[in-house]
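Take a look at the structure below.
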Ligand code: RTP
Ligand code: MG
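Numbering (our numbering), first residue to last: 2 to 155.
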């Protein structure tokens, strides 16, 4: 990991999984030059959902949000790169797909405010990336690798 690199937490939400968009999301992040360092296909249980979305606990949409994120599997990932948290947020686009720019993941693929395909750590919330990575992954589930030292395998 070079000195300006950071890691960020990303997941394909249940709507994206059900619609077969895991590959598309992974492909966009790979294409942008970010490096995958962890991934798992999983269900989020009630406790994890409430903790992950804890910042929204007092919002009117909280129950629906927890219900949605626990309703079907998600694809949780950790991506690494320069300014990765903010760059992923830029690629995601605005929370509401109706407002998200074309060319962004939500602008191209999102259906509505709830079914907006992807989650990424908030770059304006200091340390959110590290907190979310720790919430979803154990250290040994993250893979340290570097193309420049691994050598070509094909
Ligand atoms: P996320 O956390 O899922 O990556 O999305 P975000 O940062 O862009 O948006 P955030 O404000 O953190 O909201 C989390 C999710 O809650 C749903 N939401 N519903 N009904 C509403 O007014 C409302 N506002 C937000 C969205 O699905 C959003 O992704
Ligand atoms: Mg958020």
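The beta carbon of each residue, even a glycine, is placed where N, CA and C say it ideally should be.
Quantities reported herein were computed from a predicted structural model and do not represent experimental measurements.
Could you tell me the boundaries of the beta strand (DSSP E) in which residue 6 lies? Your numbering for residue 6 matches position 5 in the chain shown. Counting along the chain, the beta strand (DSSP E) containing residue 6 begins and ends at 6-13.
Measure from the alpha carbon of residue 79 to the alpha carbon of each residue in 130, 5, 154, 94, then state which is nearest. To locate residue 79, count along the chain shown from 1; it is residue 78. It is 130.
Of the choices 14, 18, 40, whose alpha-carbon is the least far from that of residue 53? In the chain shown, counting from the first residue as 1, residue 53 sits at position 52. Nearest of 14, 18, 40 to residue 53, Cα basis: 14.
Would you check if the distance between the CB atom of residue 117 and the CB atom of residue 103 is smaller than 7 Å? Numbered from 1 along the chain shown, position 116 holds the residue referred to as residue 117. Numbered from 1 along the chain shown, position 102 holds the residue referred to as residue 103. No; because the gap between Cβ atoms is not below 7 Å, this pair is not in contact.
Short check: CB of residue 87 to CB of residue 121, under 7 Å? For this step, residue 87 is matched to residue 86 along the chain shown. For this step, residue 121 is matched to residue 120 along the chain shown. Not in contact: residue 87 and residue 121 (Cβ atoms no closer than 7 Å).
Residue from 93, 123, 42, 50 whose Cα sits closest to the Cα of residue 29: Here residue 29 refers to the residue found at position 28 when the chain shown is read from its first residue. Nearest C-alpha to residue 29: 93.
Going by the beta-carbon positions, is the gap between residue 134 and residue 10 smaller than 7 Å? Residue numbering aside, residue 134 sits at position 133 when the chain shown is read from its first letter. Residue numbering aside, residue 10 sits at position 9 when the chain shown is read from its first letter. A contact, by the Cβ cut-off of 7 Å.
Answer yes or no: the CB of residue 139 versus the heavy atoms of ligand 2, is any distance below 6 Å? Looking up residue 139 in the chain shown gives position 138. No, Cβ of residue 139 sits at least 6 Å from all heavy atoms of ligand 2.
Identify the continuous alpha helix (DSSP H) that holds residue 57 and give its terminal residues. Residue numbering aside, residue 57 sits at position 56 when the chain shown is read from its first letter. Element bounds for residue 57: n/a, residue is neither H nor E.
Residue 127 by DSSP, collapsed to three states: which one? Walking along the chain shown from the start, residue 127 turns up at place 126. Look at residue 127 here: in three-state DSSP terms it is coil, with no helix or strand label.
Residue from 7, 8, 23 with nearest C-alpha to residue 110: Numbered from 1 along the chain shown, position 109 holds the residue referred to as residue 110. Among 7, 8, 23, the Cα nearest to that of residue 110 is on 23.
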